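Heads up, the thing below is written out as structure tokens.
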Amino acid sequence: GYLRENFNLVDNFDLAYLQPDEVLLVATGSQGEPGAALHRLAADSHPDVNL
Numbered sequence: 020g021y022l023r024e025n026f027n028l029v030d031n032f033d034l035a036y037l038q039p040d041e042v043l044l045v046a047t048g049s050q051g052e053p054g055a056a057l058h059r060l061a062a063d064s065h066p067d068v069n070l
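Each residue of the sequence shown is one higher than the last, beginning at 20 in our numbering.
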């Protein structure tokens, strides 16, 4: 699908106040790059987000 043009961007710090079914997290990274956000999320080492 496509993102609507009128969606709301939320700071990392405000994610804890939202219900899980209200959140879509788009993370960058490819090819397993160690510093990429997607790699840090998968390794549970992202400083702001825990899955």
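Quick reminder that beta carbons are idealized off the backbone N, C-alpha and C, glycines included. This one's a predicted model, so the numbers in the text were calculated from it and none came from an experiment.
Practice problem: Report yes if the C-beta distance between A46 and L60 is below 7 Å; otherwise report no. | Solution: Result yes, Cβ atoms of A46 and L60 sit closer than 7 Å.
Quiz item: Helix, strand or coil: which one does DSSP assign to D63?
Solution: Correct three-state label for D63: coil.
Quiz item: Looking at the structure shown, is D40 part of a helix, part of a strand, or coil, going by DSSP?
Solution: D40: helix per DSSP, three-state reduction.
Quiz prompt | Candidates A55, A35, P66 and L43, of which the one nearest N27 by Cα | solution = Comparing Cα-Cα distances from N27 to each of A55, A35, P66 and L43, the minimum goes to L43.
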